[in-house]
Each structure stands twice: as structure tokens, then as C-alpha cells.
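Written out below as C-alpha cells is the structure these notes cover.
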Amino acid sequence: MGTWTAISFSPAQQEQFGVNESGEVQDQAKFDAAIAALKAPAAAAAAPAGLPKLAVAEAEALRALRDPIIIDARDQDEEHPTTTEEYQKKLLDAGVLPDDKGAAIITHCGNGGRGGRAAAVLRELGYPNAHNGGSPDNIRKARAAS
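Quick note: the sequence shown uses the numbering used here, first residue 101, plus one each step.
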């Protein structure tokens with residue numbers, strides 16, 4: 101006869117991933133955020149060294165922002181800035197930054213790597229309410245729940 105293995109998730113894993121003991125998703129937003137966080141180290145490893153990066157914000161934080169400006173940090177030519185100065189120049193040249201330094205800003209890219217670096221640079225430029233939204237899908241899910 102064959103064998104089988106039962107898989108169960110610890111209480112800590114259930115909390116982190118929003119799943120039940122058998123791994124069925126109970127909280128999709130929490131699950132998506134946890135998966136994005138696991139993918140983030142791989143994206144960070146591919147990023148140029150020395151650039152600051154903010155982690156993908158929790159869905160609740162994105163949901164709480166009032167009338168955020170959403171900035172796509174991807175480059176149409178997929179030429180990734182390699183220094184903080186290059187990010188600053190791209191953001192300033194785009195002409196999308198508000199005069200109000202307290203305005204809510206959500207950055208994104210494909211999964212949060214470039215969006216995280218753009219959000220960190222925005223904070224360096226004096227925008228303390230800049231957040232990394234991860235991917236467009238992540239932002240939509242978080243904002244739709246409000």
C-alpha cells in the first residue's frame with residue numbers, strides 16, 4: 101500500500117498567511133501580502149546594491165490613505181535607475197509630485213522592488229506619506245476593500 105502525508109500549518113503560519121490549518125486561504129489580502137513579502141527578497145537581490153527600499157505596505161495602510169496619488173515606478177524602456185540620484189531625477193522629471201509634501205502617495209511596479217525604491221526616494225525628498233503598494237493588483241485589492 102502507498103503512504104500519505106498530512107500537512108498542517110502552525111498557528112503562526114496561519115496568522116502570517118491568512119490560511120487555516122490545512123492551508124485553505126481565509127484572508128486573501130493577508131495571503132497576497134505574505135506571498136509578496138516572500139518574493140521581495142528575490143527582487144531585492146536583483147536590485148542594485150545600496151539603494152534604499154521600502155517594504156510593500158500592508159493592505160490596511162493602503163486602504164486608509166485618503167485620495168492617494170499612485171505612481172507607476174516602471175520605466176517604459178525598462179531601464180532601471182541604479183542610484184538614488186537617478187530615481188530622484190526620474191521622479192522630478194515626470195512632473196507628478198504634488199506641491200503638498202504631506203500628500204498620500206502609493207508607488208508600484210510589477211511586484212514592489214522598484215516601487216519600494218521609488219517610495220524610499222520620495223521620503224528622502226520630503227514626502228513622509230509615500231508608500232510602496234507592490235503591484236497594481238495588490239493596490240486594487242487593498243483599495244477595493246474600503
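Quick reminder that beta carbons are idealized off the backbone N, C-alpha and C, glycines included.
Considering only DSSP beta bridges, list what T207 is partnered with. Here residue 207 is taken as the residue at index 107 of the sequence shown, counted from 1. Looking at the DSSP assignment, T207 forms a beta bridge with I171, N232.
Kindly list the residues whose CB is nearer than 7 Å to the CB of N211, restricted to its own chain and excluding five residues on each side of it in sequence; keep chain order. Looking up residue 211 in the sequence shown gives position 111. Around N211: A136, K139, A143, G234, S235.
When DSSP labels each residue in this structure, what does V196 get in the three-state scheme? Working through the sequence shown from its first residue, we reach residue 196 at position 96. The DSSP-derived three-state label of V196 is coil.
Where the alpha helix (DSSP H) through E124 begins and ends: Mapped onto the sequence shown, residue 124 falls at position 24. No alpha helix (DSSP H) holds E124; DSSP gives it neither H nor E.
Would you kindly report the start and end of the unbroken alpha helix (DSSP H) that includes L165? Taking the first residue of the sequence shown as 1, we reach residue 165 at position 65. Note, L165: premise wrong, no alpha helix (DSSP H); not H, not E.
Other residues of its chain near A157: CB distance less than 7 Å, five sequence neighbours each side excluded: Position 57 of the sequence shown, counted from the first residue, corresponds to residue 157. Residues of the same chain with a CB within less than 7 Å of the CB of A157, apart from the 5 flanking positions on each side, are H231, N232, G233 in chain order.
Within 7 Å, strictly: CB atoms of L162 and A220: Position 62 of the sequence shown, counting from 1, holds the residue named residue 162. Position 120 of the sequence shown, counting from 1, holds the residue named residue 220. The answer is no: Cβ separation not under 7 Å.
Own chain, CB closer than 8 Å to N229, minus 5 neighbours either side, in chain order: Numbered from its first residue, the sequence shown carries residue 229 at position 129. Excluding residues within five positions, the ones whose Cβ falls inside 8 Å are L165, G202, A203, A204, I205.
Are A129 and F117 touching if we call contact CB-CB under 7 Å? For the purposes of this step, residue 129 is taken as residue 29 along the sequence shown, with counting starting at 1. For the purposes of this step, residue 117 is taken as residue 17 along the sequence shown, with counting starting at 1. Cβ atoms of A129 and F117: not closer than 7 Å.
Can you name the start and end residues of the alpha helix (DSSP H) that Q114 belongs to? The count along the sequence shown starts at 1 and reaches residue 114 at position 14. The continuous alpha helix (DSSP H) containing Q114 extends over residues 111-117.
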